Structures are given as structure tokens and as C-alpha cells.
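Q: One structure coming up, written as C-alpha cells, with questions to follow.
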Amino acid sequence: MARKHFEMNSDVRKLIDKYSENHDVEFSDLINKALKFYLVNQMNYKDVKDALNEADIEASKYIDEAMRSSMGDINRNF
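Residue numbers for the sequence shown follow this note's numbering, beginning at -7 and rising by one.
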């Protein structure tokens, strides 16, 4: 996968630093989980399904799991 560049603002950096103090997680794992959570919750089910099907045949079997996982994350955050 091609690497993307982004600039993190200072508020996000502070939140990541604080989170890292309390949790043992790799930065790339944190970013991937956060982006997945955000994107899945911004997109409808069909778009998520289509994106994951197009991305990789193997990924298609995890579509429902990804959706359920994100819904579980939502429920824990409320």
C-alpha cells in the first residue's frame, strides 16, 4: 500500500501522547484503528462492503466482522 503523509495538529498529538501513557499500543495500530472506526462510522454499510470487496478478496470475509466491531466500539463509547 502506498504511504500517505499527513500533518498531525498539536491537539491530536497531545491526545496520542496521553493515550500512549496509559495503553501499550503501536502508533500505526492506533492510527489504523482510529481511522477505521471513523470511516466505518461515516460511511454506510454498502459503501464499506464495496470498499473492502474492492480492496482485497480476503478482506471481504471480514466485512461483517469489521462492522460489528465498530458498532461494539460505538456502544462502549456511550
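Using N, Cα and C, we set each Cβ at its ideal position, and we do this for glycine too.
Keep in mind that this is a model prediction, so the values were computed, not measured.
Distance, Cα to Cα, residue 39 vs residue 27?
A: 15 Å
Q: What's the call for residue 7, buried or exposed, on a 16-neighbour Cβ count within 10 Å?
A: exposed
Q: Could you have a look at residue 13 and say whether DSSP puts it in helix, strand or coil?
A: Reduced to three states, the DSSP call for residue 13 is helix.
Q: Which of the three DSSP states, helix, strand or coil, is assigned to residue 24?
A: helix
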